[in-house]
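The structure appears right after this line, and notes come after that.
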Amino acid sequence: MFENPIRSSKNPDNWILLFFGLLVLPLGIYLNPSGAFADSNPGGAAPQEGLKSEEVHVGAPDSVMKEMEARFGVQAFHRNYSFDNPTYAVTYGSEEEAAQRKAGAILLDEIQAAIDRGDASYTAEPGFYRFAEGGIRIDNAENFTLNIANCDFMMEAGGFLGIENSKNITVKGPCTVDSTDLTYVHGRIEALDEDLATVYVPQGYAISDLAEKGHRLIFDSQGRGIEQHQSKYSNPSLVGDRSVQVSLGRGKAVQVGNIIVMDRNKGVSSTLRVRSSYGITVDGIDSYVGGGWDVRKGVGDLTFRNIRLRPAPGTNRIHGGSAGQFLVTEGFVLIDGCEFGAHTDDGINLMLKVNSVYQQIKPDVILITGRTSPKIGNTLTIRDYETGEKQSAVVSEIAEAPGEMTDQIEAQWRVFCESQDNNYRDGWINKSFYVKLKSPVEVSQWSWVFTTAGPASGPDSFVVRNSYFHDASAEPITLKAAKRTLIENCLFIRNRDELHAGSHFYWWEGPLAHNVTIRKNVFRAIPMKLQDVGVLRFAVPEWNLNDGATVLVNIIVENNSFYGINTPAVSANHVHNLVVRDNYIELSESYYNGGSRSTAGQCAIYLDSVSNGSVTGNVIKMLDPERQIPAILAKHVSATEIRDNEISHLGPLAPYITDHSEGSFKDPPLYLLDGDYSTSWTVTSGYPAWVIVDLNTPSPIDVIKVTLGSNRAYQYKVETSNMVDAGYETIVDQTKNRSHGVVSDSFDPVTARYVKFTVTGADGYGGPWIHIKELGIGAAGKSINLKE
Numbered sequence: 056m057f058e059n060p061i062r063s064s065k066n067p068d069n070w071i072l073l074f075f076g077l078l079v080l081p082l083g084i085y086l087n088p089s090g091a092f093a094d095s096n097p098g099g100a101a102p103q104e105g106l107k108s109e110e111v112h113v114g115a116p117d118s119v120m121k122e123m124e125a126r127f128g129v130q131a132f133h134r135n136y137s138f139d140n141p142t143y144a145v146t147y148g149s150e151e152e153a154a155q156r157k158a159g160a161i162l163l164d165e166i167q168a169a170i171d172r173g174d175a176s177y178t179a180e181p182g183f184y185r186f187a188e189g190g191i192r193i194d195n196a197e198n199f200t201l202n203i204a205n206c207d208f209m210m211e212a213g214g215f216l217g218i219e220n221s222k223n224i225t226v227k228g229p230c231t232v233d234s235t236d237l238t239y240v241h242g243r244i245e246a247l248d249e250d251l252a253t254v255y256v257p258q259g260y261a262i263s264d265l266a267e268k269g270h271r272l273i274f275d276s277q278g279r280g281i282e283q284h285q286s287k288y289s290n291p292s293l294v295g296d297r298s299v300q301v302s303l304g305r306g307k308a309v310q311v312g313n314i315i316v317m318d319r320n321k322g323v324s325s326t327l328r329v330r331s332s333y334g335i336t337v338d339g340i341d342s343y344v345g346g347g348w349d350v351r352k353g354v355g356d357l358t359f360r361n362i363r364l365r366p367a368p369g370t371n372r373i374h375g376g377s378a379g380q381f382l383v384t385e386g387f388v389l390i391d392g393c394e395f396g397a398h399t400d401d402g403i404n405l406m407l408k409v410n411s412v413y414q415q416i417k418p419d420v421i422l423i424t425g426r427t428s429p430k431i432g433n434t435l436t437i438r439d440y441e442t443g444e445k446q447s448a449v450v451s452e453i454a455e456a457p458g459e460m461t462d463q464i465e466a467q468w469r470v471f472c473e474s475q476d477n478n479y480r481d482g483w484i485n486k487s488f489y490v491k492l493k494s495p496v497e498v499s500q501w502s503w504v505f506t507t508a509g510p511a512s513g514p515d516s517f518v519v520r521n522s523y524f525h526d527a528s529a530e531p532i533t534l535k536a537a538k539r540t541l542i543e544n545c546l547f548i549r550n551r552d553e554l555h556a557g558s559h560f561y562w563w564e565g566p567l568a569h570n571v572t573i574r575k576n577v578f579r580a581i582p583m584k585l586q587d588v589g590v591l592r593f594a595v596p597e598w599n600l601n602d603g604a605t606v607l608v609n610i611i612v613e614n615n616s617f618y619g620i621n622t623p624a625v626s627a628n629h630v631h632n633l634v635v636r637d638n639y640i641e642l643s644e645s646y647y648n649g650g651s652r653s654t655a656g657q658c659a660i661y662l663d664s665v666s667n668g669s670v671t672g673n674v675i676k677m678l679d680p681e682r683q684i685p686a687i688l689a690k691h692v693s694a695t696e697i698r699d700n701e702i703s704h705l706g707p708l709a710p711y712i713t714d715h716s717e718g719s720f721k722d723p724p725l726y727l728l729d730g731d732y733s734t735s736w737t738v739t740s741g742y743p744a745w746v747i748v749d750l751n752t753p754s755p756i757d758v759i760k761v762t763l764g765s766n767r768a769y770q771y772k773v774e775t776s777n778m779v780d781a782g783y784e785t786i787v788d789q790t791k792n793r794s795h796g797v798v799s800d801s802f803d804p805v806t807a808r809y810v811k812f813t814v815t816g817a818d819g820y821g822g823p824w825i826h827i828k829e830l831g832i833g834a835a836g837k838s839i840n841l842k843e
């Protein structure tokens, strides 16, 4: 085995932007690739400062929002919602339930008989059906249509619809699905005592078997999500017949009168489950069970229309449900006219398993490790862990490595992750393979290995349109694996984040998303005021890529509207061929937990390591009078134009942290400029540690006042320049300081735009911790810092 290697030249890294008719990206103003943040609006109209509050119209509707509100009854639900409604709009007596179970059993038998006979279709009589031990199963069927229009189903156990080992199956509604064994518990907070809350739970919820610990969501009295960031409840205990005492933490939304949803980790499992099947169409299911749908194990050519995971109308329920993991191996996926309601985890999570290089054995033989085996004929794309550079080759032979080898690799991978401060996850590495390639490669250890063509290499297209996503505690959509993606005409309301494309939070979820278009969608956070909402992230977290390296390719964000968000509408990291154009963005004045985020988290559009990009024609309103930084921040970019963006602020631009040293921060550098002496910039990785403050324009400086923390005599120096990456001259030298508290230095005025503050040590303290409360920069007796 692995003899007679086939040698050929490496495939050139030629990417041509063909996606959705975009043939050429405009090239224009080349930004400074040195690492500095670029000017927020070069080449365009000057940002408008001092915008009057009465000129700001927050949350203005547009045609997409109106259409979605009408289609999904968004406004009607909140007008009619009441926690005092019953848990079930209709209840049945024991005799009625027995008759419904009998009807359900007969229906299941008839469906199975039709499949066994090879019938082309089966049509259920409209009526009410109750399933005691699981719902409809379509196994080993082909070319079959199930009509269940005008049927109502009640689940007592199991999932509603399962399709497995089948081909060309259509399930047509409209129908409704409900459950007697809900996966969650709803309650209203009646009293608070420190971390403990007393929660009243209405009839209809299984209060006695809450998990010891689980996810929770919090809503206001109208059923609007106000805190959805995967917080937990713990240690529930019964207090009387319908109340429970439970620890909810101290989030701002934990208030008497608010509604809490607690995940039981039990109950009816799902609405829809697809395994090892192709050519599947499901159209018209209103599901109130709280469980979503997932797709795994060899599936493709999937169409889902008018599937709504939502609370039952006229009840006190809020929880809706999400889609879950989509491990789609090939073909296409279309999601059209669907609703994804409040839920406690990720929504549509499109992914395939990935591998990593452990060792290069020969020019055409590599030892890879991970959780899945490639197939002969697959094209493997191998990307360097630091540079992002790629090589591709086709698999010709595969042999699984001994388990002892996998154990050895897993141990070394754990050590490597710890050295890189990466999130190690047990179980990611459980197999290793010797892979022979049809052409030679030259790869380094721990390079990522993605299956990008050939058998089971992911869907050719993934389209989501005309759909409604709301009140999710995690991302409604995470994109990996698809070769082309389109998200259009969708409404996103009060979700934690909106969409991730890349490798999500973890490197083991992939492969990378390329050729992604996000257009004509509405993202609305109002009235949520307590968390990060409204963000599109295109990134590869936990890769140690070099500054300027790019791995994501061909991303377009156009003609979207963002209302009331409080993090960047678009955050793009390590992207080649990026277009962000003609979007409307309102950045809210309210930040989660008081706004203790980095500078990059406060702008409207953030670019880091982007090449061949364009940010044009966007209307941006910065509505936070307390944190006025440039609307667009960019660093490590090349061949990228930022122009013709209409930008307005409520107040003048304030100094902000434009760059800082690498290291471990317990509390962010932002605290240096917040005017709050109870906070501090906290570094745990020792000296030196530095920040650069951008004053936005060259300004006269004649005083520096530093408030030191922890009663320590920290030593430091202050330098100024009119260039962010060069030309610094020292204006304050306190590298031998022996004082603690407030240290102030006055001097003849110096005019500069950038101020670099470097902590070099401490007198009488040898530890690695640094605590600096405030950095005051002033001139002529006045503070330049807005909050100073």
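All residue numbers for the sequence shown refer to the working numbering, where the first residue is 56 and numbers rise by one.
Backbone N, C-alpha and C define an ideal beta-carbon position, used for all residues, glycine too.
All figures in this text were calculated on a predicted structure; none of them were measured in a lab.
### Query
Between Glu459 and Ser411, what straight-line distance do the alpha-carbon atoms span, to the nearest angstrom?
Using only the alpha carbons, I get a separation of about 17 Å.
### Message
Does Val810 pass the burial test, meaning 16 or more other C-beta atoms within 10 Å, or should it be called exposed?
### Response
The C-beta of Val810 has 16 or more other C-beta atoms within 10 Å across all chains shown, which makes the residue buried.
### Query
Cβ atoms of Tyr732 and Glu829: under 9 Å apart, would you say?
Closer than 9 Å, so yes.
### Query
For Phe274, which beta-bridge partners are listed by DSSP?
Paired residues: Gly280 and Ile314.
### Query
Within the chosen definition, does the stretch 372-385 reach the stretch 395-402 through at least 3 CB pairs nearer than 8 Å?
The answer is yes - the stretch 395-402 touches the stretch 372-385, with three or more Cβ pairs under 8 Å.
#### Entry: Residue from Asn777, Glu553, Ala212 and Pro141 with nearest C-alpha to Ile747
Restricting attention to Asn777, Glu553, Ala212 and Pro141, the CA atom closest to the CA of Ile747 is found in Asn777.
### Query
Candidates Pro710, Thr739, Pro743 and Ile532: which alpha carbon is nearest Leu727's?
Selected option, being the one with the closest Cα: Pro710.
#### Entry: Close beta carbons around Val309, own chain, < 6 Å, minus the five adjacent residues each side
Apart from sequence neighbours up to five positions away, the residues of its chain that approach Val309 with a beta-carbon distance below 6 Å are Leu303, ordered along the chain.
### Task
Return the Cβ separation of Ile224 and Ile193 in integer angstroms, given the expectation that the two are a contact with Cβ distance under 8 Å.
Between Ile193 and Ile224 the Cβ distance is about 6 Å, and since that is below 8 Å, they are a contact.
### Query
Whole-angstrom Cβ separation of Val344 and Phe215, contact assumed at under 8 Å?
With 8 Å as the limit, Val344 and Phe215 qualify as a contact, their Cβ atoms being about 7 Å apart.
### Message
Here's the rule: buried if 16 or more other CB atoms are within 10 angstroms of the residue's CB, otherwise exposed. What is Asp356?
### Response
That one is buried.
### Message
On the CB-based measure, 16 or more other CB atoms within 10 Å of its CB, does Gln258 come out buried or exposed?
### Response
It is exposed - the Cβ of Gln258 has fewer than 16 other Cβ atoms within 10 Å.
### Task
Write down the C-beta distance between Thr424 and Ile484 rounded to the nearest angstrom, noting that I regard them as a contact closer than 8 Å.
About 5 Å separates the two Cβ atoms, so the contact holds.
### Task
Tell me whether Leu293 is buried or exposed, calling it buried when 16 or more other Cβ atoms sit within 10 Å of its Cβ.
Around the beta carbon of Leu293, fewer than 16 other beta carbons lie within 10 angstroms, which makes this residue exposed.
#### Entry: Ala168, enclosing alpha helix (DSSP H) - first and last residue
From DSSP, the alpha helix (DSSP H) with Ala168 extends over Ser149 to Arg172.
### Task
Examine the Cβ distances between the stretch 431-445 and the stretch 496-503 and report whether three or more of them are shorter than 8 Å.
Yes: at least three Cβ pairs fall under 8 Å.
### Task
Mind the definition here: the stretch 448-467 touches the stretch 620-629 only if three or more C-beta pairs lie below 8 Å; say whether that holds.
No, the stretch 448-467 is not in contact with the stretch 620-629.
### For Phe488, the residue or residues it bridges with in DSSP
Phe488 is bridged to Ile423 and Glu455.
### Task
With DSSP as the reference, label Leu106 as helix, strand or coil.
Legend: pLDDT at Leu106 = 35, less than 50; position of this residue unreliable, value from coordinates given subsequently. Coil at Leu106, not helix or strand.
### Task
Taking Ser528 as part of the alpha helix (DSSP H), name the residues at either end of that continuous run.
Per DSSP, Ser528 belongs to no alpha helix (DSSP H) and is neither H nor E.
### Query
According to the neighbour-count rule (16 or more other Cβ atoms, all chains shown, within 10 Å of its Cβ), is Asp233 buried or exposed?
Residue burial is scored here from C-beta neighbours: Asp233 has at least 16 other C-beta atoms within 10 angstroms and is therefore classed as buried.
### Message
Could you check whether Phe208 and Tyr184 sit closer than 9 Å to each other, using their CB atoms as the reference points?
### Response
At the C-beta level, Tyr184 and Phe208 come within 9 Å of one another.
### Message
Suppose you measure from the CA of Thr790 to the CA of Asn599; what does that come to, to the nearest Å?
### Response
Counting only the Cα atoms, Asn599 lies some 33 Å from Thr790.
### Message
Between which two residues does the beta strand (DSSP E) holding Ala807 run?
### Response
Val797 to Asp818 is the extent of the beta strand (DSSP E) around Ala807.
### Task
Look up Cys230 in the DSSP assignment and give the residues it is bridged to.
Partner(s): Cys206 and Ile340.
### Message
Taking the alpha carbon of Asn667 as the reference point, which residue from Ala817, Cys658 and Ala689 has its own alpha carbon closest?
### Response
Nearest neighbour of Asn667 by Cα position, chosen from Ala817, Cys658 and Ala689, turns out to be Ala689.
### Task
Measure the CB-CB distance between Val518 and His569 and report whether it falls below 9 Å.
With contacts defined by Cβ atoms closer than 9 Å, Val518 and His569 do not form a contacting pair.
#### Entry: DSSP-derived helix/strand/coil call for Asp462
Of the three classes helix, strand and coil, the one that applies to Asp462 here is helix, per DSSP.
### Query
Taking the DSSP output, what are the residues bridged to Ile640?
The partner list for Ile640 (beta bridge, DSSP) reads Phe617 and Ile675.
### Query
For Ala536, which of helix, strand or coil comes out of DSSP?
In the structure shown, Ala536 falls within a coil segment according to DSSP collapsed to helix, strand and coil.
### Query
Where does Leu841 sit, in a helix, a strand or coil, going by DSSP?
Note that Leu841 scores 40 on pLDDT, short of 50, meaning its location in the model is unreliable and no value can be drawn from it.
### Query
Taking the C-alpha atoms as reference points, what is the distance between Pro755 and Arg793?
Distance from the CA of Pro755 to the CA of Arg793, rounded to the nearest whole angstrom, comes to 28 Å.
### Query
Does the distance from the CB of Val337 to the CB of Pro514 come in under 9 Å?
Cβ distance not < 9 Å, so Val337 and Pro514 don't count as in contact.
### Query
Where does Asn638 land, buried or exposed, given buried means 16+ other C-beta within 10 angstroms?
Buried is the call here.
### Query
Does any heavy atom of the ligand COA sit closer than 8 Å to the C-beta of Val388?
By its list of ligands, the structure shown contains no ligand whatsoever, and the ligand COA lies outside what it can speak to.
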